[in-house]
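According to my numbering, the sequence shown is numbered sequentially starting from 7.
Ideal Cβ placement from N, Cα and C applies to all residues, glycine included.
Values in this document were obtained by computation on a predicted structure and should not be read as measured data.
Here the structure comes first, spelled out in structure tokens, and everything after it is commentary.
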Amino acid sequence: METIRMIEKKTTQRISNPSPRLLTLKKAADFLGLTTWSMREAIWRGDIPVVRFPGGRKMFVDTLDMERFIERNKVTF
């Protein structure tokens, strides 16, 4: 019975706190295992697009674009 309650609680938490689709540069860099500056360089090269809201200076990275970046850069040896 206790296990069922724990599962219900975790499910409710996931539904009420979904993962954000847009991440800050810092969080996106952490996700990809890069430094913030390496992340900026990837953005400046055009490897990863960013989202900017009108009138805002802050840049956000879409998690879908990060997934595409990962898929494009996979290699096999």
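Going by alpha carbons, who is nearest to residue i out of the options?
i	options	result
proline 55	Thr41, Gly39, Leu31 and Gly61	Leu31
proline 26	Phe66, Lys80 and Leu38	Phe66
lysine 33	Phe83, Trp50 and Asp68	Asp68
valine 57	Ser44, Met72 and Arg78	Met72
By the DSSP assignment, the beta strand (DSSP E) with residue i in it spans what residues?
i	result
threonine 30	28-30
Residues in its own chain within less than 6 Å of residue i by CB, not counting five upstream and five downstream?
i	result
alanine 48	Ile54
Taking the alpha helix (DSSP H) that residue i falls in, what are its first and last residues?
i	result
phenylalanine 75	69-78
threonine 82	Taken as a continuous stretch (DSSP letters only), threonine 82 belongs to no alpha helix (DSSP H), as it is neither H nor E.
What's the C-alpha gap between residue i and residue j?
i	j	result
threonine 41	glycine 62	23 Å
proline 60	threonine 82	41 Å
arginine 74	serine 44	17 Å
isoleucine 76	leucine 28	16 Å
How about residue i: is its Cβ closer than 7 Å to a heavy atom in the ligand MN?
i	result
leucine 38	In the structure shown, the ligand MN is absent, as is every other ligand, since no ligand is present at all.
Enumerate in chain order the residues of its own chain whose CB-to-CB distance from residue i is below 7 Å, with the five nearest sequence positions on each side excluded.
i	result
phenylalanine 37	Leu29 and Met72
Got a sec? Which residues, its chain only, sit under 8 Å from residue i by beta carbon, not counting five neighbours each side?
i	result
asparagine 79	none
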